[in-house]
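Engineer: -1 is the number of the first residue of the sequence shown in the numbering used here; add one for each residue after it. Think of the CB as a built atom: it goes at the ideal place given N, C-alpha and C, for glycine as much as any other residue. For clarity, every value in this text was computed on a predicted model and none was experimentally measured. Okay, handing you the structure first.
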Amino acid sequence: MNAMLQEYSCSEQAQEEIFEEITGLIEYEFTEANFDHFAIDQIDNDCLLRIVRDEIINRLNVGIINQIRNTIGQQSNYVLGFRDNDILNGQANAGTSMPSASAINNGHYPIIINFADDYLANNPTKLSIATNAIHEMVHAHLIYLYFEGELLQKYPNFTDLKSKFDIYIANSTEINRLALEDSMHISMVDLIGTMANALFKYAKDNRMDNVTHEYCKDVTKGTFSGTPAMNIITPDVNLQNGYILKAQNEQNNTANAKGKDC
């Protein structure tokens, strides 16, 4: 947090984000992960396994991950699973699946995060994998809050997202799924600071000394490429392209990437 304040010269924005992070850490303390509720046995990629299991679930001490560890990770009817066995239509690096209707009817809520094989085969940096993992874990966090009836308590402005969840649960068509996905990404614009803070802490924990908080925020924004959230982040196409390029540099492990190799 001191590094973040120094980077932004103690700006009001930095102070607000740090206050939010401290509040989250007070509300949700770091606890030991219960791997009965984090299913990692279907991860084949060694680097992904180390990042997800060891460096994020086990060790990353930030508000949003602590909250997931203390909610999804502590309730017997929830499982957050991780896989890397799909191509995801060659479009997405990762995706998060809702529990099936039959599981919901039985009171069980398996939420699955799947990383694309072709994405991992391209040797992304650890920073890229962590960025996508955090992004998808926020999706899982919102899904959990919805099923627990706590979405609007936690985020009162997410009324459209609540409505899209209701519509999809009542009628799980592909059109309704895509509308829910769009609304989720639009809502997550409000959580970019939270995700960037988590990514910056991850980078510092793993000695990526040339990675700044601003860079983490830009890369996080880049993960919204191809979603309607990009125009909410900024209508400036040049800025959008800059965010996307930074995310792609990490994804493709180019000479301009700042994250470490796996």
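Hey, how far is the Cα of D115 from the Cα of T221?
Structural biologist: Here residue 115 refers to the residue found at position 117 when the sequence shown is read from its first residue. Here residue 221 refers to the residue found at position 223 when the sequence shown is read from its first residue. For D115 and T221, the distance between alpha carbons rounds to 17 Å.
Engineer: Does G105 come out as helix, strand or coil in the three-state DSSP assignment?
Structural biologist: By one-based count along the sequence shown, residue 105 stands at place 107. Reduced to three states, the DSSP call for G105 is coil.
Engineer: In angstroms, rounded to a whole number, what distance separates the CA positions of K160 and L140?
Structural biologist: Residue numbering aside, residue 160 sits at position 162 when the sequence shown is read from its first letter. Residue numbering aside, residue 140 sits at position 142 when the sequence shown is read from its first letter. The straight-line gap from Cα to Cα measures roughly 10 Å.
Engineer: Helix, strand or coil: how does DSSP classify N150 here?
Structural biologist: If you number the sequence shown from 1, residue 150 lands on position 152. Residue identity check: residue 150 is Leu in the sequence provided, not Asn. Here L150 sits in helix by DSSP.
Engineer: Classify L143: buried if its beta carbon has 16 or more other beta carbons within 10 angstroms, exposed otherwise.
Structural biologist: Taking the sequence shown and counting its residues from 1, one reaches residue 143 at position 145. By the neighbour-count rule (16 or more Cβ atoms within 10 Å), L143 is buried.
Engineer: Rounded to whole angstroms, what's the CA-CA distance from I110 to I38? Just pull it up for me.
Structural biologist: For the purposes of this step, residue 110 is identified with residue 112 of the sequence shown, where counting begins at 1. For the purposes of this step, residue 38 is identified with residue 40 of the sequence shown, where counting begins at 1. So the two alpha carbons sit approximately 10 Å from each other.
Engineer: Report all residues from its chain with a CB closer than 6 Å to the CB of L86; omit the five preceding and five following residues, and keep chain order.
Structural biologist: As a working mapping, residue 86 is identified with position 88 in the sequence shown. So the list reads G93 and A114, once near-sequence residues are dropped.
Engineer: Confirm, please, whether the CB-CB distance from K124 to G257 is below 8 Å.
Structural biologist: In the sequence shown, residue 257 corresponds to position 259, counting from 1. In the sequence shown, residue 124 corresponds to position 126, counting from 1. In contact: G257 and K124 (Cβ atoms closer than 8 Å).
Engineer: Tell me whether R67 is buried or exposed, calling it buried when 16 or more other Cβ atoms sit within 10 Å of its Cβ.
Structural biologist: Sequence index remark: in the sequence shown, residue 67 carries index 69 (1-based). The residue is buried, with at least 16 neighbouring Cβ atoms inside 10 Å.
Engineer: Output the distance between the C-alpha atoms of I70 and E148, rounded to the nearest integer angstrom.
Structural biologist: Taking the first residue of the sequence shown as 1, we reach residue 70 at position 72. Taking the first residue of the sequence shown as 1, we reach residue 148 at position 150. Answer to the nearest angstrom: the Cα atoms are 13 Å apart.
Engineer: Over what stretch of residues does the beta strand (DSSP E) that includes N83 continue unbroken?
Structural biologist: Residue 83 sits at position 85 when you count from the first residue of the sequence shown. Here the beta strand (DSSP E) through N83 covers Y76 to D84.
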